[in-house]
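Comments concern the structure below.
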Amino acid sequence: MSSPLTVRNLTPIAISLLRVERFEDPNTLQSKAHGYFLSPKSTTPATPTSPELSGHAQSFNHQDLEVTLQPFESYTLKFPNQNQPRNAATLSSPVLRITIQTAKAERYRIDSNPSYTQKSTQAFTALSANPSANYNAIFHPSKPIPHLAIQSNHIPSYASWMSTLPDNLPLSAISIPGTHNSHTHYRALPSVRCQVHDIKTQLENGIRFLDIRVQPIHATDTSKKELYLVHGAFPISLTGPKYLAPILQTCYNFLAAHPSETLLVSLKREGVGSATDDHLATILQKHYITPNSTRWYTQNKTPYLSSVRGKLILLRRYTISPSPFNNPNEKPAGLDATAWPHNSTHALFPSSPSSPTSPTQSSFCLQDYCEVLVPSLIPEKLHHCTEHLARAAAVTHPIPGVTTDASHPVPPAPLHLNFLSASNFWKRACWPSAIAKVVNEGVERGMCGGFYLQSLGSGQEEEEEEEGVVRKRQENGDGSTGVVIMDCVGENGDWDLVRLVIGMNMGVLLKYSFCIA
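Heads up, the sequence shown is in numbering that gives the first Met the number 0, so the first residue is 0 and it goes up one at a time.
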């Protein structure tokens, strides 16, 4: 009997599973000829290409399905023992050749071996002439059942992915990929380095939340505008100090070239200097924000996309007093996140009201469990991350003119911030890259697997495998992820997790399309 394989539809359209065929894996056949089994490595695709299969495409078994999967839904493929022909027992490593069809009657095919143990991403082969779309699949050897998540390649460039979103979406409704300590990509101590790509590369590949930590070079003189980039008490580069100004210029240049986009920029004071938050606030306002006021969104309320395209959104993690803001036009300075709770597994906290009589204007729902002191706590960190994804997905977002009144809309939901990052500088097994390897992969598997699906209940996963049940999307919420903030994104060219987060915007877009139809 072939190993089961769960197929997940992570495209915004319905997809039909038409046919499944079983073949001997040509990689296995080739290795047998040399007297050994060739186990797939990380550099080898987890599924053979169609040309490789062409010489071994004698079907040992096939199954016609006609199972339709709506967006988010999944279905487990399985060949019962009683339906297998006699020669099926000779298949030591069977490949499943899966044919799908879209509503436009276009067909595509992919080959997958459920027994493989490495994650991979592979494109579907179009069987119809002049197909209107391209599809790929992410294979995860998840336990107990491996998963194949189907995605559509509908975004021409991830440098401008927000161009497909409606103007009246609140920021909190958008699934946004981000990076933690985004500036720590330089050659540095491994315990300090959190990223492998520079800011420009991150932005070009879809990152829209930047987490920046700075320290003024002088503790009292506000005429000295330079701000060191830091990570906690440590410098971020072994080749000399790095500064904030070039990063902001990179952001300005990026937004000038891609005016459909917006960037959330979280700024916080860290380091060993004696400067205060007020000192930092004065420098930022005087030398960075006011001279570029048209490039910044600094109101203290969750914005709609129309008001922040082409702009940086200030998320402020440093306190301010009235003294730096004699000009009332300079108030308030960004989304106020100064009440940020440390090491929180789940916190809902409001920003400070802009005046004693005005209501709170923005709020945050946070997961930032960062003190993973020993490796045994890494699974706990992953658990908190996936729980927070579920919280974000369960939120139904009010959209002016669509699901709430255009003139007097229901205020936006809290902005969900989900930090996948954690570390312990003093323990190698808990350095950022070590934790990211486990947590990023775990979150990616979860998003391809059970994220935003109805629960089958305790002990029901086996029933799904036996009966071939289609798992439906959850009935509540929009399926958004909120802001997912990661370490070590794009390592070895793997941007799948970033692409998955962006792809989850299909939930709120499906609701939007349904409501205006």
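Glycine is no exception: its CB is placed at the ideal position from the N, C-alpha and C atoms. Since we're looking at a predicted model, the values are computed, not measured.
Residue of Pro340, Met503 and Asn204 minimising C-alpha distance to Asp493: Position 494 of the sequence shown, counting from 1, holds the residue named residue 493. The shortest C-alpha separation from Asp493 is found at Asn204.
Contiguous beta strand (DSSP E) assignments of at least 3 residues, all confined to the stretch 162-237: 175-178, 208-215 and 226-230
Three-state class that DSSP yields for Asp493 in the structure shown: To locate residue 493, count along the sequence shown from 1; it is residue 494. Coil, per DSSP.
Helix, strand or coil at Gln69 [DSSP, three-state]: The count along the sequence shown starts at 1 and reaches residue 69 at position 70. Three-state DSSP puts Gln69 in coil, outside helix and strand.
Buried versus exposed call for Ala218 [16 or more other C-beta atoms within 10 Å across all chains shown]: Here residue 218 refers to the residue found at position 219 of the sequence shown. With fewer than 16 Cβ atoms within 10 Å of its Cβ, Ala218 is classed as exposed.
Residue(s) in a DSSP beta bridge with Asp335: Sequence index remark: in the sequence shown, residue 335 carries index 336 (1-based). Answer is Arg315, bridged to Asp335.
Secondary structure of Arg308, DSSP reduced to three states: Here residue 308 corresponds to residue number 309 of the sequence shown, with the count starting at 1. Three-state DSSP puts Arg308 in coil, outside helix and strand.
Cβ shell of Ala102 (< 8 angstroms), same chain only, five flanking positions each side left out: Within the sequence shown, the letter at position 103 stands for residue 102. Only Ile12 and Ala13 meet the Cβ criterion.
Nearest residue (CA-CA) to Asn135, options Pro145, Ser151, Ala125 and Val497: As a working note, residue 135 is residue 136 in the sequence shown. Scanning Pro145, Ser151, Ala125 and Val497 for the CA closest to the CA of Asn135 turns up Ser151.
8 angstroms contact criterion, which Ala172 and Ser479 should meet: CB distance rounded: For the purposes of this step, residue 172 is taken as the residue at position 173 of the sequence shown. For the purposes of this step, residue 479 is taken as the residue at position 480 of the sequence shown. About 6 angstroms separates the Cβ atoms of Ala172 and Ser479, confirming a contact at the 8 angstroms cut-off.
Per-residue DSSP class, three states only, for Phe253: As a working mapping, residue 253 is identified with position 254 in the sequence shown. Here Phe253 sits in helix by DSSP.
Leu304 vs Asn167 beta-carbon contact at 9 angstroms: Looking up residue 304 in the sequence shown gives position 305. Looking up residue 167 in the sequence shown gives position 168. The Cβ atoms of Leu304 and Asn167 lie closer than 9 angstroms to each other.
Contacts around Met505, its chain only, beta-carbon distance under 7 angstroms, and the 5 residues preceding and following it disregarded: In the sequence shown, the residue the question calls residue 505 occupies position 506. Counting only Cβ-Cβ distances below 7 angstroms, and skipping sequence neighbours, we find Pro11 and Pro70.
Inter-residue spacing [alpha-carbon to alpha-carbon] between Val442 and Ser111: The residue you call residue 442 lines up with position 443 of the sequence shown. The residue you call residue 111 lines up with position 112 of the sequence shown. One C-alpha to the other measures close to 22 angstroms.
Length at least 3, wholly inside the stretch 415-487: the beta strand (DSSP E) runs in chain order: 482-485, all fully within the stretch 415-487.
Tyr296 at chain D interface by Cβ criterion, 9 angstroms: In summary, chain D is missing from the structure at hand, where a single protein chain is found.
One or two residues paired with Ile288 in a DSSP bridge: Your numbering for residue 288 matches position 289 in the sequence shown. For Ile288, which the question treats as bridged, DSSP gives no partner whatsoever.
Alpha-carbon spacing of Val401 relative to Pro113, whole angstroms: The residue you call residue 401 lines up with position 402 of the sequence shown. The residue you call residue 113 lines up with position 114 of the sequence shown. Approximately 43 angstroms, taken between the alpha carbons.
N-terminal and C-terminal residue of the beta strand (DSSP E) that Tyr134 is part of: If you number the sequence shown from 1, residue 134 lands on position 135. That run of the beta strand (DSSP E) goes Tyr134 to His139.
Identified DSSP bridge partners for Ala280: Within the sequence shown, the letter at position 281 stands for residue 280. According to DSSP, which records beta bridges pairwise, Ala280 is partnered with nothing at all.
Simplified DSSP assignment, three categories, for Tyr115: The residue labelled residue 115 in the question sits at position 116 within the sequence shown. DSSP places Tyr115 in coil when its eight states are reduced to three.
Burial state of Asn306, where buried means 16 or more other Cβ atoms lie within 10 Å: Numbered from 1 along the sequence shown, position 307 holds the residue referred to as residue 306. Reading off the sequence shown, one finds Ser at residue 306, where the question assumed Asn. The residue in question, Ser306, is exposed, as its Cβ has fewer than 16 Cβ neighbours within 10 Å.
8 angstroms Cβ shell around Thr238 - same chain, five flanking residues per side excluded: On the sequence shown, position 239 is the one that residue 238 refers to. Within the same chain, Thr238 has close Cβ partners Tyr185 and Arg186.
Lys267 (DSSP reduced to helix, strand or coil): Mapped onto the sequence shown, residue 267 falls at position 268. Strand.
Coil, strand or helix - Glu20 by DSSP: Counting from one through the sequence shown, the residue named residue 20 turns up at place 21. Looking at Glu20 - three-state DSSP - the assignment turns out to be strand.
Where the beta strand (DSSP E) through Arg7 begins and ends: Within the sequence shown, numbered from 1, the residue matching residue 7 stands at position 8. Note, Arg7: beta strand (DSSP E), Leu4 to Asn8.
Proximity of Gly481 and Asn417 at Cβ, strictly below 9 angstroms: To locate residue 481, count along the sequence shown from 1; it is residue 482. To locate residue 417, count along the sequence shown from 1; it is residue 418. Yes.
Identity of the residues DSSP links to Phe363 by a beta bridge: On the sequence shown, residue 363 is found 364 positions in, with the first residue counted as 1. Answer by DSSP bridge pairing, in chain order: Phe348 and Leu414.
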